[in-house]
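S.K.:
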Amino acid sequence: MADVFRHMGFEEVRITRRTSDKGRDILMKEHLEGDEPCYVIVECKHTKRVSRPVIQKIHSAVTTYHYDGKKRGIVVTSGKFTNPAREYVEEVNQGTGTKVIQLIDGRDLRNIGDDIGLNLYNGKIEVLCDETLPHPPDLRTVSSKIRQEFMSINAFKQKHYTEPDCSIDFLPTLNISARIDSTFETSVGVIHQINEKDNIVILGKRGSTDLLNQKVARMAQKNLKKSINLEKEKLEEKFHNINVLRFGKTETDYKEEAIDILRKKHETKVTYTGDNNVTYHKECTPKKSDITILNITPVYVPLVKTKTEIKKYSYPFQYLSAHPETVKYGDKIHICVQCGKSNGTTFTYCKNCGSINCPDHTKTERLEQTPICTGCAIREYFFYKEKYFYNEENLKKFRKIYEKMPFYRKALENKTLTAIIIALITIMTIIILSII
Numbered sequence: 001m002a003d004v005f006r007h008m009g010f011e012e013v014r015i016t017r018r019t020s021d022k023g024r025d026i027l028m029k030e031h032l033e034g035d036e037p038c039y040v041i042v043e044c045k046h047t048k049r050v051s052r053p054v055i056q057k058i059h060s061a062v063t064t065y066h067y068d069g070k071k072r073g074i075v076v077t078s079g080k081f082t083n084p085a086r087e088y089v090e091e092v093n094q095g096t097g098t099k100v101i102q103l104i105d106g107r108d109l110r111n112i113g114d115d116i117g118l119n120l121y122n123g124k125i126e127v128l129c130d131e132t133l134p135h136p137p138d139l140r141t142v143s144s145k146i147r148q149e150f151m152s153i154n155a156f157k158q159k160h161y162t163e164p165d166c167s168i169d170f171l172p173t174l175n176i177s178a179r180i181d182s183t184f185e186t187s188v189g190v191i192h193q194i195n196e197k198d199n200i201v202i203l204g205k206r207g208s209t210d211l212l213n214q215k216v217a218r219m220a221q222k223n224l225k226k227s228i229n230l231e232k233e234k235l236e237e238k239f240h241n242i243n244v245l246r247f248g249k250t251e252t253d254y255k256e257e258a259i260d261i262l263r264k265k266h267e268t269k270v271t272y273t274g275d276n277n278v279t280y281h282k283e284c285t286p287k288k289s290d291i292t293i294l295n296i297t298p299v300y301v302p303l304v305k306t307k308t309e310i311k312k313y314s315y316p317f318q319y320l321s322a323h324p325e326t327v328k329y330g331d332k333i334h335i336c337v338q339c340g341k342s343n344g345t346t347f348t349y350c351k352n353c354g355s356i357n358c359p360d361h362t363k364t365e366r367l368e369q370t371p372i373c374t375g376c377a378i379r380e381y382f383f384y385k386e387k388y389f390y391n392e393e394n395l396k397k398f399r400k401i402y403e404k405m406p407f408y409r410k411a412l413e414n415k416t417l418t419a420i421i422i423a424l425i426t427i428m429t430i431i432i433l434s435i436i
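Numbering-wise, the numbering used here puts 277 at position 277 of the sequence shown, and it's gapless, one number per residue.
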């Protein structure tokens, strides 16, 4: 029921400890526009009939609850309320102008369930979501971004670019805010305390629940208020393919998994000194009961998937969008097609075959003096130095040029070897002259 009330707009919803609830199963706060906050005390009953004494109990709980402002009570049951119970509520509320006591029975729960996706048979809340972070408006916008990625490659020109194939996957995510209130004590007293709010964003695809990395989480949280309606039919007219991935679990399941994630996230090792002056180490992990889920907001995050075909090569590039903000998700543009190197280097385009390569696999075409990759180059040695050519035609042209070169020009085709030879000749000359 705590999750149900969160969906109904109540804030600071928390379950009271069962050891001394005094008729208070749930405590929460209600904010109505133009009015002061109101504290709400809730009693939950899973019985066929709820009678007058239960209502009197909640009335007493409201009256004695220590709060100076407005306060009221709610009794929730999956069954029905007896006539005396309803009559008592009418008497209490009469003349107050407000509902001091509100009754929610099984029929009301069914209506609420239809609105928020509550399954009354298993008590779980389905995830209902039709909103997404802002996606790129059209193919032209996507193409412009992909073109910029290619233009960052050395020797890549505008004329080499081709329009990409583009699809969008809408990934199911949940923004979860929680409060962690945990105290760890030993015989020496309190050794560690957590009292803070935290926010996480999880990916809720079928089969797995993963914590999104910090960049994506920040983007999702920052742009949550900019969410728009997900209109699949309209998007299918603009992009090659639209795929809306469904939430794989219920909100209740995600809540339990989020608590486990938060427990692990806030786990820490504490070092302290005991009364006997011995140093101890203790793993401090918040209990499940120490974590209160304050809010769960589902939203789709657009994953823009592109594939650009250039000659015989295909270059996928993916990014997550909260248009115009983006986070790179998968990049096969800035990667060497020969060795797979992707970090800490520059990349160069080979116009001969359309490949993108790292410095180790990029050479200079001898005839045209432009970049060529080792994968497509035709090779031949000139003056003991390997040279690279786009095709047989360029190789034949250079052979003719090489044949007409004077010897000193041929030697310059291998400057390293020539320099060594000159150095050796110079040294030998000096030695001979010194002997003479």
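Where a beta carbon is used, it is the ideal one built from N, C-alpha and C, also for glycine.
Source: prediction; values computed, not measured.
(1) Count the CB pairs spanning the region 278-289 and the region 317-327 that are closer than 8 Å, and state whether there are at least three.
(2) Ends of the alpha helix (DSSP H) at A437?
(3) Would you say V50 and V75 are within 8 Å of each other, going by their C-beta atoms?
(4) Alpha carbon to alpha carbon, how far is S289 from D114? Give it in angstroms, no decimals.
(5) Give every residue of the same chain whose Cβ lies closer than 7 Å to the Cβ of E236, excluding the five residues on either side of it in the sequence, and list them in chain order.
(6) Answer yes or no: do K397 and G354 have a C-beta to C-beta separation smaller than 8 Å?
(7) What residue from G340, T362, E126 has the CA that sits closest to Y349's CA?
(8) Quick check: the Cα distance between L171 and V190, rounded to an integer number of angstroms?
(9) By Cβ distance below 6 Å, which residues in the same chain neighbour P298 in space, the five residues on each side in sequence not counted?
(10) Under the DSSP definition of a beta bridge, which residues are partnered with I293?
(11) How would you label E251, buried or exposed, when you count the other beta carbons within 10 angstroms and need 16 or more for buried?
(12) With DSSP run on the structure shown, which of helix, strand or coil describes A61?
(13) Assuming the contact rule is C-beta atoms closer than 8 Å, R218 and G248 should be a hit. Round their C-beta distance to whole Å, please.
(14) Contact between the region 375-385 and the region 408-422 is defined here as three or more beta-carbon pairs at a separation below 8 Å; is this criterion met?
(15) Out of K234, I41, N276, L262, state which residue places its alpha-carbon closest to the alpha-carbon of Q102.
(16) Using alpha carbons as the reference points, say which of K70, N213, N195 lies closest to V201.
(17) Would you mind stating whether I125 and D3 have Cβ atoms separated by less than 8 Å?
(18) Measuring only the C-alpha atoms, how far is H266 from N223?
(19) Assuming the contact rule is C-beta atoms closer than 8 Å, T440 and D105 should be a hit. Round their C-beta distance to whole Å, please.
(20) Would you kindly work out how many angstroms separate the C-alpha atoms of I432 and Y408, rounded to a whole number?
(21) How is the beta strand (DSSP E) around P84 delimited, first residue to last?
M.R.: Considering the structure as presented:
(1) No, they do not touch.
(2) The requested residue 437 is not part of the displayed model; the chain covers only 1 to 436.
(3) Contact flag set, yes.
(4) 29 Å
(5) I242
(6) Taking 8 Å as the Cβ cut-off, K397 and G354 do not qualify as a contacting pair.
(7) T362
(8) 43 Å
(9) Here the set comprises V127, C129, L174.
(10) A178
(11) buried
(12) helix
(13) Going by Cβ atoms, the distance from R218 to G248 rounds to 24 Å, so no, they are not a contact pair.
(14) Taking 8 Å as the limit for Cβ pairs, the verdict is that the region 408-422 does touch the region 375-385.
(15) I41
(16) N213
(17) yes
(18) 26 Å
(19) This structure does not reach residue 440, given that the chain is present from 1 up to 436, and the question cannot be answered.
(20) Cα to Cα, I432 sits roughly 24 Å from Y408.
(21) Run containing P84: none in the beta strand (DSSP E); it sits in the alpha helix (DSSP H), 83-93.
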